[in-house]
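Quick note on numbering that gives the first Met the number 0: the sequence shown kicks off at 0 and runs consecutively. Think of the CB as a built atom: it goes at the ideal place given N, C-alpha and C, for glycine as much as any other residue. These numbers come from a predicted model, not from an experiment. Inspection log for the structure reproduced underneath, given as structure tokens.
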Amino acid sequence: MAGSEFPQSQAESSPQGATAAEAYKNKMDVKLKTSGDIVSPNPSGQSGNPQVQEWAQIVSDLSSRLPELVGDFLGRYKQFFITLGLFALLIVSVKLTLAILGAINDIPLLAPFLELVGIGYTAWFVFRYLIKRETRQELVAEFQSLQGQVLGKDSLDS
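So this is what it looks like as structure tokens:
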């Protein structure tokens with residue numbers, strides 16, 4: 000490695016008279032006892048700084064207790080995470096439903112056909128259950144039966 004890699008103007012301006020190439024060469028000079036030896040700066044493995052030892056102990060304790068701490072945290076806030084997950088699932092399902100309905104609405108003649116089906120079903124429901132008194136009472140009885148099945152028999156008494 001010649002001194003041509005470094006500018007000569009730095010060598011002339013150096014106060015000690017050493018060239019930049021020599022300074023670089025001296026800085027990178029590494030000597031090993033034998034090839035392949037890795038020498039620890041502190042053979043005992045202990046750092047002399049008490050702050051470093053304190054932080055090492057804190058990190059060691061935390062890493063050994065981490066599974067227990069995470070388990071306690073999840074156990075304590077289990078209901079919150081379930082609620083949060085259900086809320087996220089609700090948002091995803093609403094967005095998916097709206098996307099599907101938007102795609103169906105873009106199909107030509109399908110949207111007006113489905114509107115006609117809805118109007119026809121509404122007309123049938125009105126004529127079947129809402130015009131006569133007996134059929135309205137039948138509808139109320141069916142509704143109360145369904146309510147009893149879903150909510151339980153005790154909820155009808157209150």
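Could you name the residues of the same chain whose beta carbon sits closer than 7 Å to that of residue i, not counting the 5 residues immediately before and after it, in chain order?
i    : result
P111 : none
R135 : Y128 and L129
Which residue comes first and which comes last in the alpha helix (DSSP H) that contains residue i?
i    : result
K94  : K77 to N104
G147 : R132 to L150
Y120 : L109 to F124
Roughly how many whole angstroms lie between the Cα atoms of residue i and residue j?
i    : j    : result
V91  : G84  : 11 Å
E114 : A87  : 31 Å
K77  : V69  : 12 Å
V125 : G74  : 52 Å
E141 : I81  : 35 Å
R64  : L150 : 45 Å
D60  : P66  : 12 Å
N48  : F72  : 34 Å
I57  : L89  : 42 Å
W54  : K94  : 48 Å
I106 : I99  : 11 Å
A122 : K131 : 14 Å
Apart from the five residues on each side of it in sequence, which residues of its chain come closer than 8 Å, Cβ to Cβ, to residue i?
i    : result
E137 : Y128
L109 : I103
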